[in-house]
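One structure is given below, encoded as structure tokens.
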Amino acid sequence: MFMVEVNMITNVASWVLDTGYVAHICNNLQVLERSKKLSKDEIILRLGDGKAVAAKVVGSLNLVISDHIRIELKDCYYVPRMIKNIISILVLDNNGYAFKMNKNGFMS
Numbered sequence: 737m738f739m740v741e742v743n744m745i746t747n748v749a750s751w752v753l754d755t756g757y758v759a760h761i762c763n764n765l766q767v768l769e770r771s772k773k774l775s776k777d778e779i780i781l782r783l784g785d786g787k788a789v790a791a792k793v794v795g796s797l798n799l800v801i802s803d804h805i806r807i808e809l810k811d812c813y814y815v816p817r818m819i820k821n822i823i824s825i826l827v828l829d830n831n832g833y834a835f836k837m838n839k840n841g842f843m844s
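The sequence shown lines up with residues 737 to 844 when you count with our numbering.
Below you can see the structure in the form of structure tokens.
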């Protein structure tokens, strides 16, 4: 698994790129658009440490990374207990996005 910090600020708005995870996860319900409340235990997500967490809502969001990089995250799951947000590279790849990183780790 390969993870890259999108920014180096440690707060709940941080986003982490994850090549090993199969879903986008956010911890802020207010960023989701076209959202749908999930029934109790409808979607259970297993984290890298083995813990299982229940998603409360699923929706989409438009993430602005820079002036030139905007990503639509479809089927992003709201999990309020998450410390950081996760962007699944696998899901983005399946949705037609491509990624390029240079030696400094910059994504373009």
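Backbone N, C-alpha and C define an ideal beta-carbon position, used for all residues, glycine too.
Measuring only the C-alpha atoms, how far is H804 from V767?
Cα to Cα, the separation comes out at about 20 Å.
Proximity to W751 [Cα-Cα], best of M837, N821, I780:
Considering only M837, N821, I780, the residue with the shortest C-alpha distance to W751 is N821.
Cβ-based neighbour list, R782, same chain, cut-off 6 Å, excluding 5 preceding and 5 following:
Exclusion of the five residues before and after R782 leaves A788 as the residues of its chain whose Cβ lies within less than 6 Å of its Cβ.
Considering only DSSP beta bridges, list what Y814 is partnered with.
Paired residues: C762, V793.
Taking D754 and S824 to be in contact with their CB atoms under 8 Å, please state how far apart those CB atoms are, rounded to whole angstroms.
Going by Cβ atoms, the distance from D754 to S824 rounds to 6 Å, so yes, they are a contact pair.
Would you decide whether I761 is buried or exposed? Buried here means 16 or more other CB atoms lie within 10 Å of its CB.
Taking all protein chains shown into account, I761 has 16 or more neighbouring C-beta atoms within 10 Å of its C-beta and is therefore buried.
For N798, which three-state DSSP category applies?
For N798, the secondary structure class from DSSP, reduced to helix, strand or coil, is strand.
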